[in-house]
Structure formats: structure tokens, C-alpha cells
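In our numbering, the protein residues as written are 436 to 514. All C-beta atoms in this analysis are idealised placements derived from N, C-alpha and C, irrespective of residue type, glycine included. No experiment lies behind these values; they were computed from the predicted model shown. One structure is given here, and the rest of the page talks about it.
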């Protein structure tokens, strides 16, 4: 995540007492915002798909990365 964006998100979290976010960006960006939110104990409402690796419609390895991303986010949620 871009350092400037990270600083802005952290500022909003601290100053505005953010407790939840809506992630409705390009699916390729969902994961970075979700990781940030989970690491800061911020509730998430996310547009689908969860992630969208390039080639996931035609390449089974790329499609399997969607599941790997899910497991990574699930692990962060359980911490």
C-alpha cells in the first residue's frame, strides 16, 4: 500500500474513530484494504469478488489464488 495512503487511513482511524469500512474498489485492490482493516480491528463490508488475480477466469493456478487470499484474510480475522 502506498505510504501516503497508509498514513491517511491511519489518521482517519485515529481522528474520526472509524469502526468500519466499505471496500468497493477495483477488486484487485480489495485485499490490501482488507488486510489494513483486519490489522486495525476495523469491521469490513466488501464488494465481491474478494480478490481478482489476473487470469483467474482461465488459469486454474490464478483461480486458486482467490482461495489462498481468502485463507490469508481468514487467518488475520482470527487473530
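{"Item": "Proximal residues to residue 489 (C-beta, below 6 Å), its chain only, five neighbours per side dropped", "Value": "none"}
{"Item": "Per DSSP, cross-strand counterpart(s) of residue 437", "Value": "According to DSSP, which records beta bridges pairwise, residue 437 is partnered with nothing at all."}
{"Item": "Beta carbon of residue 459 nearer than 9 Å to that of residue 481", "Value": "yes"}
{"Item": "Paired residues, beta bridge with residue 479 - DSSP", "Value": "456"}
{"Item": "Residue burial classification, residue 486 (beta-carbon count within 10 angstroms, cutoff 16)", "Value": "buried"}
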